[in-house]
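Below: the structure, in structure tokens.
4 protein chains.
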Amino acid sequence: MSHNSFGHLFRVTTWGESHGPAIGCVIDGVPPRIALSEADIQPYLDRRRPGQSRFTTQRREPDTVKILSGVYQGLTTGTPIALTIENTDQRSKDYANIADRFRPGHADITYYWKYGIRDPRGGGRSSARETAMRVAAGAVARRILGDAITIRGALVQMGSHRIDRSRYDDFEIDRNDFFCPDAVAAIQWESELDAIRKSGSSVGAVIEIVAVGVPPGLGAPVYAKLDADLAAAMMGINAVKAVEIGDGFAAATLRGEDNADEMRMNPDGTVRFLSNHAGGVLGGIATGQPIIVRFAVKPTSSILTEVASVDADGTDIKIQTKGRHDPCVGIRAVPVGEAMMACVLADHWLRHRAQCGEPMPAVLPITKM
Amino acid sequence: MSHNSFGHLFRVTTWGESHGPAIGCVIDGVPPRIALSEADIQPYLDRRRPGQSRFTTQRREPDTVKILSGVYQGLTTGTPIALTIENTDQRSKDYANIADRFRPGHADITYYWKYGIRDPRGGGRSSARETAMRVAAGAVARRILGDAITIRGALVQMGSHRIDRSRYDDFEIDRNDFFCPDAVAAIQWESELDAIRKSGSSVGAVIEIVAVGVPPGLGAPVYAKLDADLAAAMMGINAVKAVEIGDGFAAATLRGEDNADEMRMNPDGTVRFLSNHAGGVLGGIATGQPIIVRFAVKPTSSILTEVASVDADGTDIKIQTKGRHDPCVGIRAVPVGEAMMACVLADHWLRHRAQCGEPMPAVLPITKM
Amino acid sequence: MSHNSFGHLFRVTTWGESHGPAIGCVIDGVPPRIALSEADIQPYLDRRRPGQSRFTTQRREPDTVKILSGVYQGLTTGTPIALTIENTDQRSKDYANIADRFRPGHADITYYWKYGIRDPRGGGRSSARETAMRVAAGAVARRILGDAITIRGALVQMGSHRIDRSRYDDFEIDRNDFFCPDAVAAIQWESELDAIRKSGSSVGAVIEIVAVGVPPGLGAPVYAKLDADLAAAMMGINAVKAVEIGDGFAAATLRGEDNADEMRMNPDGTVRFLSNHAGGVLGGIATGQPIIVRFAVKPTSSILTEVASVDADGTDIKIQTKGRHDPCVGIRAVPVGEAMMACVLADHWLRHRAQCGEPMPAVLPITKM
Amino acid sequence: MSHNSFGHLFRVTTWGESHGPAIGCVIDGVPPRIALSEADIQPYLDRRRPGQSRFTTQRREPDTVKILSGVYQGLTTGTPIALTIENTDQRSKDYANIADRFRPGHADITYYWKYGIRDPRGGGRSSARETAMRVAAGAVARRILGDAITIRGALVQMGSHRIDRSRYDDFEIDRNDFFCPDAVAAIQWESELDAIRKSGSSVGAVIEIVAVGVPPGLGAPVYAKLDADLAAAMMGINAVKAVEIGDGFAAATLRGEDNADEMRMNPDGTVRFLSNHAGGVLGGIATGQPIIVRFAVKPTSSILTEVASVDADGTDIKIQTKGRHDPCVGIRAVPVGEAMMACVLADHWLRHRAQCGEPMPAVLPITKM
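Right, here's the structure in full:
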């Protein structure tokens, strides 16, 4: 199996470098006769698009997606869906001075060690630009999942500053430049990130993705667990260093009885959980409760601040990176994390249907059949 | 792709239920002419084996592994290696009272929802017993990696109690019942866990796995990143709820210049990193520095303490679990985490050789070729 | 992906050498709650079992299959099904004289060139004994397909002698030692094969496998076509050198209008094909007509007749093979071919359900929805 | 695994419909630092290109390939290579009259049954146009295999007319419109095919592909055998109904001693085979001899001759297909078969290196190590 594909049945293969003529993806395994057009995909790309505020890279591109195959008369045909976005605002000269220099914290040197060659223009294949195609694929995945499943992400921590959970408001998320659900925190972050940006530095963040309405039973035991696939999906996003489900690391501190998500019967014969420490996954399989995933993004490695490094000639150097970079790449990771959640769920939705038939609705009946 | 296999080229398929006649695995893709016998595998199983102290399940089985194929005259032949362990101490009657009752925090109800049927004896397929085959596979993976790569795990937190890093001592790990590298903490944990056990409860833990000597260049960009595969591997271990690489969640709090692992040249033409915030992986590819992974294990769900639940008839019940369980299942997760690290590295070792030729030794030369 | 597994969703992994302690397989992806016991599998193994007539190898083993996992109270649980058969009649000393000698036409030398080592006892992994597990897996696949799909194989040519199609009789197939549907041919083959056996030689054969009742729509376009998967399945059986679907090689000689399987409407709104040149597959997708596959098996390479070869020391030798071999290995390939057909169909059945929902019954309605 | 990808490590994913804006593919797993430009690919596309003689479809397109990613400064970078070809001469109106009518012998009705929808313009995804991307991928595969391996295909039978093997001349292949190695046959075929074309009919053909210089040891036992993968590769080409390796179906008629490819030592310590009945593969693994594959292509289904069919309304109809079609689609299958051979060999080359290290040169040494 190659390394530029994701998923087993809902299968996404991406291609393209930051400063090549275009980037794209091929989405295989999509069920037929689903209504799909560019208009279903573009809004998600617009949320991720750079250059929308001073807090993301100033590269300005419309990121207009085109569907090249797999759709006929507005419906998917079951054949592979090819999507592409042209690269229109590459300024490769910005990168001339780092072509044979390795930015600390960046994949420059590991690509070089692996392949003995790398495309340095805009980070080449390691650029976060690749995540645009994840967002596009996620939009298609959502069409498979349908309206009964909602997926939303939010920035819940920037640097050391966490949101106040008591102020959490879904509607706030799209009202600020940070996808921050806490209006007060958003204001504080604004001045904080301005200072970081002006100092030529960057900062990390924590993103939370929640999926509501996921059918109980999605997932798999042992390997390819739903949570294991989510962990791979999120850890595979550029700059991510940590992933947790439900209580995550805090679960280590709990006693068994405190971690137990107790159950009671509803009058209508469905099951009610009294808590969700599990984050919606037990034994790799969805419980029907909200699936809650958090991941940490490290600070952008490409910074104006000078750091010590080496070049390809084996010389000690000092390096500054002058390209147009996000002071907090975690912000744009929010729609990317949502998309990866959608892709994992769509893949498991198809895998579940293959082995077990149509997934149940997420109403937690006590009986399977 | 099915869900009971792990890895792409070093590929492990496990089978077996807790109380069936046996458990086993098939390991495919192992290079030929590697010396291998049961004696290479058994010591790792012995480390994981239950019943060795009062802090792990009292199920007592020798867990003797047998090689059924793929080895001839002491050497691997390149054909699939089948391993098996007989189940000898199943006491299925312990589980009669939970056959149609769902333990909170356990996979009972999600298996039931997914499949409409489950083998309740000892947890069936969801039992941690499956991890014995991971440990066996990990032992074979280590034979591929050779002696230049060392992998060791340790329990670095039990409940809320973390080790003191200043007392970290590799040699201490095998001297106590907790794989704890801090001798002082180990003593404290002993009384702590005794109390938990006697109260019929359980507690979570954090495990750290470190691989030293990993060739720079192992891994892959974009999907199937080395860190994404490690995240899936660790999150796929029973009861794991969180995974982090290097600084992990703490990376979210750093500035770019603090997170940068600066580089300098050594006099011999190799590169020296001045720190390892990245935990040995950049852009999904190994840097040659130690690979550092931590994961959190939730407290055992099967506890004597009574909790609220439901049964398959849709009745509210109270449930206690009387089987023989680990008060801190995180302890036995240490050799399992080591094994998953070994499996991921062996898989990437083969995948790297496929595309790029023999991996480099981990001496960080400035030139690839 | 490793090389000892077959199928994508119905996934079979086999292991074991001819003279090891046992052979076995793991079947992953089986839907839950299907009634399954050893009694569903054993009859198919008995059909393939050696030593039943003087026309197959005289190795005598009961080939008793055991289910080790994945079944609980007579029903599949959705977890992997491990099957095993003990090897009880290995006579490895028969092979001492060929341990470092290479039989022409056999995989001895290619295993040696690939791996630098081989298990010579009974052919090791390259023995046709591996096909017992294919037959076992095929029996499980048939349980997924249900009674609406029937699969039967027959020997339609032995050496140069073809059956007379006008005498084709399904009921005859199990009445002779050749799975021959032509009673007259079976009698002729008997004396023919006796002579070949006594002369220490062997002969090839052609097998035909027909599946009736396959839902239209099973399969896939482009790659993993139903016919491409069948071709791989049959060509992957030991000693097979050719595969054809429907008219096969004869299709090359036809004009377009002669090859066209014309269609007419039935009064009940279903479609009727007027011929089946296509062998039930168009564009990689089932038409609902019988799927017809033929494959050719070369003569057994292990023969008493002396042939020229070399040994591992690089010496020219003459070689005779004295083990117990089939004079026409094509006979026992009949149940193996049936099994591979069942495995391919079960896999596509699950893959179709994943992407498109429940397969249609094979009544060829004019409308899909 | 999805169905529009081919190969395990050298992995090709194609997309695109006959009359969409473009077709394309993504090639993953290519080793880094291989010189590659459009000029390495275009000559192979030009050989397959339609409209070059009156014996292939009159659709006229330059089929100019563009590399969109994965190459930097003329060298592969190890990242996915995206290729695309614009569709410039679609005349979709030709197909208006078959939009809801099903051509006998064509995939129209099976796509409809599978997906409940199809893109009828030019056959949509089932068009042979998809094979252009196979040819492009094959050109990249050849770059991996290097000059030591040569692959050439030829048309060895058109309709009932076979070439005379005694007149076989490699140099003749590119001198006629049929890729025919027999100059006399080529002249005969010309008048034959003219008559067929003028009568509005079509005819089938047999293609032979030979690979010389393949390292002994390439391939795999049991599943994913080299010959099984070749069978799938060739059977997966549009309109192919049969595949054979070496003696193929004729092997069924041989005695064991006649089929044995005897071996002798050369003075330089290498092995010499005295024949090649096996077609270069034993036990799924290459012998180092030429690999010989033949496959049969049925006559083009889209013909002017009227045949009986049905339409989507369930009405009996007569159908003629007026698009621009190949009277013998087998001609253009020659470069496609070569390409599939190259893709399979490149994939096995990488897979062999993963498990066993660098493949041997094809000089058949008696020792592996």
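Chains as they are written, first to last, in the working numbering: chain Y, 951 to 1319; chain W, 951 to 1319; chain A, 951 to 1319; chain X, 951 to 1319.
For every residue, glycine included, the Cβ atom is placed at its ideal position computed from N, Cα and C.
Predicted model, so just to flag it, every value in this text is computed and none were measured.
{"Asked": "6 Å CB neighbourhood of His-1056(A) in its chain, flanking five on each side removed", "Found": "Ser-1251"}
{"Asked": "Contained alpha helix (DSSP H) runs [length at least 4] in the segment 1182–1239 of chain Y, N- to C-terminal order", "Found": "1206–1209"}
{"Asked": "Contacts of Pro-1277(A) in chain Y (Cβ-Cβ under 8 Å)", "Found": "Here the premise fails: no neighbours, minimum Cβ distance about 42 Å."}
{"Asked": "Amino acids of chain Y, ordered along the chain, whose beta-carbon sits closer than 8 Å to that of His-1056(W)", "Found": "Leu-1232, Gly-1233"}
{"Asked": "Beta-carbon contacts of Gly-1150(X) that lie in its chain and below 7 Å, excluding the five residues immediately before and after", "Found": "Ile-1253, Leu-1254, Thr-1255"}
{"Asked": "Option nearest Thr-963(W) by Cα separation, candidates Glu-1194(W), Cys-975(W), Asn-1226(W), Thr-1014(W)", "Found": "Cys-975(W)"}
{"Asked": "Interface partners of Gln-1107(Y) on chain W, CB under 7 Å", "Found": "Ala-1202"}
{"Asked": "8 Å Cβ cutoff, Gly-1028(X) in contact with chain C", "Found": "Chain labels in this structure do not include chain C; the protein chains are Y, W, A and X."}
{"Asked": "Ala-1210(W) to His-1302(Y) span [Cα, whole Å]", "Found": "42 Å"}
{"Asked": "Three or more C-beta pairs below 8 Å linking the segment 1056–1066 of chain X and the segment 1100–1117 of chain X", "Found": "no"}
{"Asked": "Three-state class that DSSP yields for Ile-1241(A) in the structure shown", "Found": "strand"}
{"Asked": "Whole-number beta carbon distance between Ala-1292(W) and Ile-1101(W), since they are thought to touch under 8 Å", "Found": "6 Å"}
{"Asked": "Candidates His-1275(X), Gly-1096(X), Ala-1135(X), Phe-1129(X), of which the one nearest Gly-1287(X) by Cα", "Found": "Phe-1129(X)"}
{"Asked": "Proximity below 8 Å, CB of Arg-983(Y) to CB of Thr-1026(Y)", "Found": "yes"}
{"Asked": "Stretch pair the segment 1159–1175 of chain W + the segment 1230–1238 of chain W: three plus CB contacts closer than 8 Å", "Found": "yes"}
{"Asked": "Residues bridged to Asp-1266(Y) (per DSSP)", "Found": "Val-1260(Y)"}
{"Asked": "Outcome for Asp-1197(A) when other beta-carbon atoms lying within 10 angstroms are tallied against a minimum of 16", "Found": "buried"}
{"Asked": "Through-space distance from Tyr-994(Y) to Ala-1181(A), alpha-carbon basis", "Found": "43 Å"}
{"Asked": "Buried or exposed (CB count within 10 angstroms, at least 16 for buried), Arg-961(W)", "Found": "buried"}
{"Asked": "Buried or exposed by the 16-neighbour rule on C-beta atoms within 10 Å, applied to Pro-1165(W)", "Found": "buried"}
{"Asked": "Outcome for Ala-1145(X) when other beta-carbon atoms lying within 10 angstroms are tallied against a minimum of 16", "Found": "exposed"}
{"Asked": "Cβ of Val-923(W) within 8 Å of any chain A Cβ", "Found": "The shown model of chain W, from 951 to 1319, leaves out residue 923(W), and the question about it has no answer."}
{"Asked": "Distance CB(Ala-1094(W))-CB(Val-980(W)) smaller than 8 Å", "Found": "First, the residue type needs correcting, since residue 1094(W) is Ile and not Ala in the sequence shown. A contact, by the Cβ cut-off of 8 Å."}
{"Asked": "Which residues DSSP lists as bridging Cys-975(A), in chain order", "Found": "Thr-964(A), Leu-1033(A)"}
{"Asked": "With 16 other Cβ atoms within 10 Å as the buried cut-off, status of Gly-1020(Y)", "Found": "buried"}
{"Asked": "Proximity test, Cβ basis, 8 Å: Ser-1152(Y) and chain W", "Found": "yes"}
{"Asked": "Distance CB(Cys-1278(W))-CB(Val-1090(W)) smaller than 8 Å", "Found": "no"}
{"Asked": "Opening and closing residue of the alpha helix (DSSP H) in which Ala-1136(Y) lies", "Found": "1133–1148"}
{"Asked": "Burial state of Pro-1070(Y) (16 or more Cβ within 10 Å)", "Found": "buried"}
{"Asked": "Pair within 8 Å by beta-carbon distance, Glu-1212(W) and Ser-1259(Y)", "Found": "yes"}
{"Asked": "Ser-1259(Y) Cβ short of 7 Å to the ligand MN heavy atom set", "Found": "Absence of the ligand MN from the depicted structure is noted, as is the absence of any ligand whatsoever, leaving it without description."}
{"Asked": "Phe-956(W) (DSSP reduced to helix, strand or coil)", "Found": "strand"}
{"Asked": "Residues near Val-1247(W) in its chain [Cβ-Cβ closer than 7 Å; skip 5 each side]", "Found": "Gly-1154, Ala-1155, Ile-1157, Ala-1189, Val-1190, Val-1279, Gly-1280, Ala-1283"}
{"Asked": "Backbone CA spacing between Gln-1270(W) and Ile-1067(W) [nearest angstrom]", "Found": "22 Å"}
{"Asked": "CB contact flag (Gly-957(Y), Asp-1297(Y), <8 Å)", "Found": "yes"}
{"Asked": "DSSP state of Lys-1318(W) mapped onto helix, strand, coil", "Found": "Note that Lys-1318(W) scores a pLDDT of 47, beneath 50, so its modelled location is shaky; the value from the coordinates is reported in the next line. In this structure, Lys-1318(W) counts as coil in the three-state DSSP scheme."}
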